[in-house]
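Undergrad: The structure that follows is given in the form of structure tokens.
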Amino acid sequence: MGISQNEQQSISDLVDQYKDLPGALLPLLHAIQGEVGYVPDSAVATIALGLNLSRAEVHGVVSFYHDFKTHPVGRNTVQICRAEACQAMGSRELEAHAKAALGIDYHETTADGNITLEPVYCLGNCACSPSVRVNDDIVARVDSARFNELVANLGGSQ
Amino acid sequence: MRFFIPQDTTALACGAEAAAHALQAAGIEPVRNGSRGMFWLEPLLEVETEQGRLGFGPVSSKDIPSILDALEADASAHSLYLGDVEKIAYLASQQRLTYARAGLGDPVCLDNYQTLKGFKGLKNALSLTGQQIVDQVKDSGLRGRGGAAFPAGIKWQTVLNCDSDQKYIVCNADEGDSGTFADRLVMEADPYQLIEGMTIAGLAVGATQGYIYLRSEYPVAHKLLNIAIERAVEANFLGENIQGSGQTFHLEVRLGAGAYICGEETSLLESLEGKRGMVRAKPPLPAIEGLFGKPTVVNNVLTLAAISTILEQGAETYQNFGMGRSRGTLAIQLAGNIKRGGLIELAFGVTLREVVEDYGQGTYSGRPIRAIQVGGPLGAFLPESQWDTPMDYEAFAAIKAMIGHGGIVVFDDTADMAAQARFAMEFCVVESCGKCTPCRIGSVRGVEVIDRIVANEDRDNNLILLHDLCDTMELGSLCAMGGMTPFPVRSALAHFINDFTGEGKGDN
Ligand SMILES: Cc1cc2nc3c(=O)[nH]c(=O)nc-3n(C[C@H](O)[C@H](O)[C@H](O)COP(=O)(O)O)c2cc1C
Ligand code: SF4
Ligand code: FES
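Residue numbers (my numbering), protein chains in the order written: chain A, 1 to 158; chain B, 159 to 666.
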């Protein structure tokens, strides 16, 4: 999967910026993902070189954490809380609705590239569940109707 | 007249931003305070008047004009009027130490913090030796609030006793348990308290660098902590030569990346070092060989926040709260299917029933409560017969349950406890670090076996198999992830077996 020269350049810059930080890898991966949207394969080699790690080590870390993506994601990320307090308030129905409404499963992106759907295990909003996170906004008491509104606010081709 | 609209995650999730905009549209700039933790009332608008801070909630943007009108005439006539917020029984009956400041003002305003006795504990600590600080912590009886309830003073003594060129203070802000938000509320409503507690910890054991390992699911806390740290550095409450004392403490926030297991302290340290969050075998204890192999205090947010109170008010005051070996206050978090969810800080010893019935007022759905899960995803599901258990570490351990981080998740009578047991295993599949077979593979098998039991495939033998599997996980796992996932499963089997066999709802 190709990335642009600009992206490759910003990855190299970020590696330079972070490489002397103690325990640099997670902050660096977050920074790269913030910039590029995911951690491209080609970044792994650059990171490994900069941080003096093997590619396997870098890859091992990327794959261990749920947050890090190895493929491009949608313009928006919608996370549905699957944890117990949200289950007690109907998150199972909500997730079924969300998948049907978007026509995708978890970890997938809508055909127009607008929304990636992800599970999450607790957003700390457990007193007003079910909870959904849309990019950096957390939303309380989300039922099917509220979910449709949230998605409509994100535009896209649906 | 000052107006307050919280900026904590739950208030924002319930529409606080729109309510704040509506006030601005009316020419009023509200103070963005932290939440009081009465989440069922969020967004809670407070108006400072001669009769105290009057509350209205939950408000939406369209309620603002009528509230402003009511304030001109008769505030109490408004349908959302709550009266003096501090007299609301839910709040008034609490014993707030850690959350005494929560909701009072702008959480990142340093002046506000200092007006409310902030940094007094630090100033006291600066006049003490490391050993004297550690002694105070020991005398307070404070036990770790992250779940394992280990005495904080003993951990600190171990780190203090180590001879090392570098030591670390690590705050565990991974708060992964469903039903918990106490750490989040401290970080969002009173972040300086945590900064102060960590700095005191640094002075006590001789550590000059601290890290807050914060879960990435908390973007609001992340933003507020970073602002607070920046301001604390500017005001020289952090950094070199703190308040002219010659002492140094640097603090940095590091984000997790969506792994529940990174709440386990050794996995957390691996993660901070930039590695996969694989659990380490103990010994060595992190207190002796922790972050980058150096002596490290790892404490939960609430443990470190309590340090500020202890150093401010004295060990004796703190340890006067509580029962038995559980001293001080417990941050109870009431969540799930509950009418009045929120943060309830009380001395140890209140019963679960008092919490869910008196504070919580029963379920949100209005249906009967069926099961309560205390202590996160590894905690047992408790049937009604166990709700009179006092909230105390030992009393809960005696019924094979745990207080853990203090989260309470309530389920009504529509809950399918076989599905909940299945989820417990599934969660372990998703979140296991993969180091030990009983946890990694056992949980996968657990999901399959529960599916067979529910589908009535050779049910009796599969029930025996499930118990065997639970034994293997309990005995053969390195940490509580694999070792305690059987707790919710077994409690569901013991008390709600009919959900597995489809024989109606007669609970045991
Ligand atoms: C699977 C697992 C998850 C844990 N998650 C957390 C957590 O999210 N936050 C926390 O403070 N402690 C968590 N702990 C407990 C920590 O390992 C450790 O006991 C704690 O950080 C020590 O701090 P304390 O003594 O102040 O509680 C977890 C433990 C296990 C086994
Ligand atoms: S019990 Fe599970 S999470 Fe804990 S160390 Fe073993 S594999 Fe890792
Ligand atoms: S369980 Fe969903 S927000 Fe906590």
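Ideal Cβ placement from N, Cα and C applies to all residues, glycine included.
Check the Cβ of Leu413 of chain B against every Cβ in chain A and list those closer than 8 Å, keeping chain order.
TA: The contacting residues are Leu26, Pro27 and His30.
Undergrad: Is Thr357 of chain B helix, strand or coil by DSSP?
TA: Three-state result, Thr357 of chain B: helix.
Undergrad: Between the C-alpha atoms of Tyr371 of chain B and Ile557 of chain B, what's the straight-line distance to the nearest angstrom?
TA: Whole-angstrom Cα-Cα distance: 32 Å.
Undergrad: Use the C-beta contact count for Ser543 of chain B: other C-beta atoms within 10 angstroms, 16 or more gives buried, fewer gives exposed.
TA: By the neighbour-count rule (16 or more Cβ atoms within 10 Å), Ser543 of chain B is not buried but exposed.
Undergrad: Could you check if Ile419 of chain B belongs to the surroundings of ligand 2, using beta carbon to heavy atom distance under 6 Å?
TA: Within the cutoff, so yes.
Undergrad: Under 7 Å, Cβ to Cβ, is there at least one residue of chain A near Ser172 of chain B?
TA: The amino acid occupying residue 172 of chain B in the given sequence is Cys; Ser does not appear at that position. Yes, Cys172 of chain B lies at the interface with chain A (some Cβ there is under 7 Å from its Cβ).
Undergrad: Could you work out which residues of chain A lie near Thr168 of chain B, taking near to mean beta carbons separated by less than 7 Å?
TA: Correct list: Asn125, Ala127, Cys128 and Ala140.
Undergrad: If you draw a straight line from the alpha carbon of Arg141 of chain A to that of Leu383 of chain B, how long is it in whole angstroms?
TA: Using only the alpha carbons, I get a separation of about 26 Å.
Undergrad: With which residues is Met481 of chain B paired in a DSSP beta bridge?
TA: DSSP, once it has assigned bridges, lists B:Ser484 as partnering Met481 of chain B.
Undergrad: In this structure, does DSSP put Cys126 of chain A in helix, strand or coil?
TA: If DSSP states are grouped into helix, strand and coil, Cys126 of chain A belongs with the helices.
Undergrad: Would Ala505 of chain B pass as a contact of Gln209 of chain B if the rule is Cβ separation under 7 Å?
TA: Cβ atoms of Ala505 of chain B and Gln209 of chain B: not closer than 7 Å.
Undergrad: Which chain B residues are close to Val151 of chain A, counting only those with a beta carbon under 9 Å from its beta carbon?
TA: Those within 9 Å of Val151 of chain A in chain B number zero; the least Cβ separation is about 17 Å.
Undergrad: What span of residues does the beta strand (DSSP E) with Pro596 of chain B cover, start to end?
TA: Element bounds for Pro596 of chain B: not the beta strand (DSSP E) but the alpha helix (DSSP H), Thr595 to Val612.
Undergrad: Identify the contact partners of Trp545 of chain B in chain A, using a Cβ-Cβ distance below 7 Å as the criterion.
TA: Within 7 Å Cβ-Cβ: nothing; Trp545 of chain B doesn't reach chain A, min ~16 Å.
Undergrad: Got a sec? Which residues, its chain only, sit under 6 Å from Glu589 of chain B by beta carbon, not counting five neighbours each side?
TA: Counting only Cβ-Cβ distances below 6 Å, and skipping sequence neighbours, we find Tyr418 and Ile419.
Undergrad: Contact criterion: CB-CB distance below 7 Å. Does Phe64 of chain A meet it with respect to chain B?
TA: Yes - at least one Cβ of chain B is within 7 Å of the one on Phe64 of chain A.
Undergrad: How about Ala88 of chain A: is its C-beta nearer than 7 Å to some C-beta of chain B?
TA: Ala88 of chain A counts as touching chain B.
Undergrad: I'd like to know whether the C-beta of Ala164 of chain A is nearer than 7 Å to at least one C-beta of chain B.
TA: Look at the range of chain A in this structure, 1 to 158, and you will see that residue 164 of chain A is not part of it.
Undergrad: With C-beta atoms as the reference, is Tyr257 of chain B less than 7 Å away from Glu470 of chain B?
TA: Their beta carbons are not under 7 Å apart, which means Tyr257 of chain B does not touch Glu470 of chain B by this criterion.
Undergrad: Whose Cβ in chain B lies nearer than 8 Å to the Cβ of Ser131 of chain A?
TA: Simply Ala171.
Undergrad: Closer than 8 Å, Cβ to any Cβ of chain B: which residues of the segment 1 to 24 of chain A, in chain order?
TA: From the segment 1 to 24 of chain A, only Pro22, Gly23 and Ala24 have a Cβ closer than 8 Å to chain B.
Undergrad: Can you give the Cα-Cα distance for Gln272 of chain B and Gln401 of chain B, rounded to whole angstroms?
TA: Cα to Cα, the separation comes out at about 14 Å.
Undergrad: Is Cys586 of chain B helix, strand or coil by DSSP?
TA: The answer is helix: DSSP assigns Cys586 of chain B an H, G or I state.
Undergrad: Within 7 Å of any Cβ in chain A, is that where the Cβ of Ser251 of chain B sits?
TA: Taking Cβ atoms only, chain A never reaches closer than 7 Å to Ser251 of chain B, which makes this a no.
Undergrad: Closest Cβ-Cβ distance between Gln158 of chain A and chain B: below 7 Å?
TA: Only weak support is given to the placement of Gln158 of chain A: the predicted model assigns it a pLDDT of 48, under 50, and the value that follows is read from those uncertain coordinates. No, its Cβ sits nowhere closer than 7 Å to a Cβ of chain B.
Undergrad: In the DSSP assignment, find the alpha helix (DSSP H) that holds Phe147 of chain A and state where it starts and stops.
TA: Residues Ser144 to Asn153.
Undergrad: By DSSP, does Asp546 of chain B sit in helix, in strand, or in coil?
TA: Coil.
Undergrad: Do the segment 26 to 43 of chain A and the segment 59 to 71 of chain A touch if we need at least three Cβ pairs shorter than 8 Å?
TA: In short, these stretches touch, since the Cβ pair count reaches three.
Undergrad: If contacts are defined as beta-carbon pairs under 8 Å, then Ser129 of chain A and Cys86 of chain A qualify, I think. What distance do you get, rounded to the angstrom?
TA: That pair is a contact at about 4 Å.
Undergrad: Out of A:Asp137, A:Gly34, A:Glu118 and A:Leu14, which has the shortest C-alpha to C-alpha gap to Arg82 of chain A?
TA: Closest option to Arg82 of chain A, Cα to Cα, is A:Glu118.
Undergrad: Measure the CB-CB distance between Val587 of chain B and Phe658 of chain B and report whether it falls below 7 Å.
TA: No, Cβ-Cβ distance for Val587 of chain B and Phe658 of chain B is not below 7 Å.
Undergrad: Answer yes or no: does any C-beta atom of chain B fall closer than 7 Å to that of Val61 of chain A?
TA: Cβ-Cβ to chain B under 7 Å: yes for Val61 of chain A.
Undergrad: Counting along the chain, where does the beta strand (DSSP E) carrying Asp293 of chain B start and finish?
TA: Not the beta strand (DSSP E): Asp293 of chain B falls in the alpha helix (DSSP H), residues Gly288 to Ser298.
Undergrad: From Gln165 of chain B to Val151 of chain A, what does the alpha carbon distance come to, in whole angstroms?
TA: Approximately 24 Å between the Cα atoms of the pair.
Undergrad: Any contact between the segment 446 to 466 of chain B and the segment 318 to 333 of chain B? By contact I mean 3 or more CB pairs, one from each, below 8 Å.
TA: Yes, the segment 446 to 466 of chain B is in contact with the segment 318 to 333 of chain B.
Undergrad: How many angstroms separate the CA atom of Glu108 of chain A from the CA atom of Thr116 of chain A?
TA: The straight-line gap from Cα to Cα measures roughly 6 Å.
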